[in-house]
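Per numbering that gives the first Met the number 0: the sequence shown = residues 0 to 375. No residue lacks a Cβ here, since even glycine has one placed at the ideal position from N, Cα and C. All values derive from a computational prediction rather than experimental measurement. Read through the structure below, which is laid out as structure tokens, and then see the notes.
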Amino acid sequence: MPFDPQSPRPRHHRHGLVLGKCLPPHKGHLTLVRFAAALCDQVTVLVEERPDEEVPVDVRAAWLAQAVGDPRVTVVPLRGNHPQSPPGTPAGDASFWAHWRDTLHRAVPDADAVVSTETYGRRLSEDLGVAWEPFEGARIVPIHATEIRNNPWDNWNWMVEPARANLVRRLVLIGPESTGKSQMSHTLAKLAEAPTLAVPEYAEDWIKRMAPVKMDERALHIFLHGQKASREACLPYANRWIVEDSHALTTAVWARYLGLANAEEAFTWAREDRPDHILLVSPHGVPWVPDAHRYSAEHRQDFFHMFKEALDAWQFPYTVIEGNWDQRNAMALEAAHGLIQGWRQQSLREWVPDHWRTVQADATLPPPPSRRPRPR
């Protein structure tokens with residue numbers, strides 16, 4: 000029978016097993032899993048839990064599963080503190096391999112192949128009584144997870160996209176209207192040393208497109224969700240960091256100014272959305288520039304103080320930007336350069352959010368500021 004490249008062909012194995020820490024998942028892991036999926040009808044990837052891990056096992060498993068995107072591949076956490084290498088004694092070595100044989104058999108009892116880049120795959124396959132399919136992953140994708148953990152910045156592009164999207168550093172601009180935030184955000188995003196994306200203020204664009212609009216509770220809800228959705232759409236394509244022209248705190252302050260019923264909900268949302276750093280742009284030093292969609296020139300300083308009170312109460316890191324147009328742009332660029340230089344030096348442990356490893360103690364945070372300017 001002549002060869003037909005369009006006809007379906009059976010794969011070599013029914014169920015392949017892949018084992019790894021994936022701390023963090025990178026393109027070498029992704030290549031290995033895709034190799035296994037090309038050989039097997041079904042693949043189970045076991046992601047090991049580790050003591051004092053930088054990224055929790057559930058998060059790592061979710062990142063890898065999303066990156067693979069194959070319904071035939073199941074990525075699951077392997078719970079427990081499992082030994083990593085034989086102790087070097089006959090009894091200890093025997094116990095080590097027996098532990099892994101029993102653990103893997105319980106986790107994937109019907110596996111008929113172990114797929115690995117490491118030579119331990121041969122021993123595991125022999126103990127399990129299944130085939131071993133070696134893969135020269137290290138020669139194809141020359142990166143090790145240790146290198147990424149030590150320096151995420153320089154090894155950024157080796158990580159899988161979901162990991163990068165969740166680790167992006169966030170620099171947020173907030174402040175009263177007519178202080179140059181929009182232009183400043185685009186200037187910062189074009190930094191020569193690390194150009195990235197600038198997320199615009201969703202509320203401003205929505206108001207312009209939908210005018211005339213009623214600023215009510217429904218609009219508040221739209222602004223909060225729209226800003227978050229805009230950011231999440233951009234994160235996978237950001238270059239290590241991202242600039243955001245607005246934050247939920249902006250919506251919350253406006254909601255309080257307008258006396259909307261769900262203003263406190265917006266403050267709660269803002270308090271829970273902690274970026275890496277904030278540039279608080281002051282109205283001091285620049286004139287009010289009229290615009291058809293701008294309000295309340297006389298309350299710019301009041302708004303600035305409301306922003307500052309909230310940031311101080313919640314202990315958010317921020318830098319005040321002020322002066323004339325040239326001075327404030329120079330201050331913002333200097334602040335961004337300083338942040339980038341710090342991020343370049345940090346390990347993965349310093350990149351991940353604290354709440355991934357600890358329970359947030361929101362109850363200990365002071366409440367948002369209570370005063371608001373009154374419309375005249």
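With 16 other Cβ atoms within 10 Å as the buried cut-off, status of residue i
i      : result
TRP355 : exposed
TYR378 : Nothing about residue 378 can be read from this structure; the chain reaches only from 0 to 375.
HIS98  : exposed
GLY91  : exposed
ILE320 : buried
GLU203 : buried
ALA247 : buried
ALA209 : Here the sequence assigns Met to residue 209, which means Ala is not the residue at that position. Burial call: exposed.
ARG230 : buried
ASN197 : Residue identity check: residue 197 is Ala in the sequence provided, not Asn. The residue in question, ALA197, is buried, as its Cβ has 16 or more Cβ neighbours within 10 Å.
ASP111 : buried
THR43  : buried
THR250 : buried
VAL288 : exposed
GLN300 : exposed
ARG270 : buried
ASN80  : exposed
GLN83  : exposed
GLU349 : exposed
THR118 : exposed
GLY128 : exposed
ALA66  : buried
ARG217 : exposed
ALA232 : exposed
GLY337 : exposed
LEU50  : Looking at the sequence shown, residue 50 is not Leu but Pro. Its Cβ having fewer than 16 others within 10 Å, PRO50 is exposed.
GLY377 : The question about residue 377 has no answer here: the residues shown for the chain are numbered 0 through 375.
ALA260 : exposed
Residue(s) in a DSSP beta bridge with residue i
i      : result
MET214 : BP columns for MET214 are empty, so no partner.
ARG169 : ILE241
MET305 : According to DSSP, which records beta bridges pairwise, MET305 is partnered with nothing at all.
ALA130 : ALA112
TYR317 : ILE277
GLU47  : LEU77
MET158 : HIS25
HIS14  : GLN41
GLY19  : VAL46
CB-CB length for residue i against residue j, believed under 8 angstroms
i      : j      : result
TRP205 : PHE222 : 7 angstroms
ARG148 : LEU347 : 4 angstroms
GLU47  : LEU77  : 5 angstroms
ASN14  : ASP109 : As written in the sequence, residue 14 is His, which differs from the Asn given in the question. Indeed they touch by this definition, with Cβ atoms about 5 angstroms apart.
VAL75  : ALA60  : 6 angstroms
LEU31  : PHE134 : 6 angstroms
ALA164 : PRO55  : Actually they do not touch by this definition, with Cβ atoms about 17 angstroms apart.
ARG121 : TRP131 : 5 angstroms
SER181 : ASP244 : 5 angstroms
MET20  : ALA144 : The sequence given here has Lys at residue 20, not Met. So it is a contact: roughly 7 angstroms between Cβ atoms.
ASN238 : ALA193 : 6 angstroms
VAL114 : ALA35  : 4 angstroms
GLY179 : TRP324 : 6 angstroms
PRO286 : PHE303 : 15 angstroms between Cβ atoms; not a contact.
MET214 : LEU172 : So it is not a contact: roughly 22 angstroms between Cβ atoms.
PRO86  : PHE95  : 7 angstroms
The ligand SAM heavy atom lying under 8 angstroms from the CB of residue i
i      : result
ALA210 : Judged by which ligands are present, the structure shown has none, so any question about the ligand SAM falls away.
Below-9 angstroms beta-carbon distance, residue i vs any chain D residue
i      : result
ALA335 : Here chain D cannot be found, since the structure has a single protein chain.
Determine, using beta-carbon pairs with one atom in the region 274-288 and one in the region 302-321, whether at least three such pairs fall under 8 angstroms.
yes
Does the count of Cβ pairs from the region 60-71 and the region 91-104 closer than 8 angstroms reach three?
no
contact_flag[the region 294-309, the region 326-336] where n(CB pairs < 8 angstroms) is 3 or more
no
My parser needs the beta strand (DSSP E) runs of 3 or more residues fully inside the region 58-84; what are they?
72-77
Would you mind listing the alpha helix (DSSP H) stretches within the region 175-208 that are 4+ residues and don't spill past its ends, in chain order?
180-188
Touch check for the region 19-35 and the region 148-164: three-plus C-beta pairs under 8 angstroms?
yes
Determine, using beta-carbon pairs with one atom in the region 332-346 and one in the region 159-176, whether at least three such pairs fall under 8 angstroms.
yes
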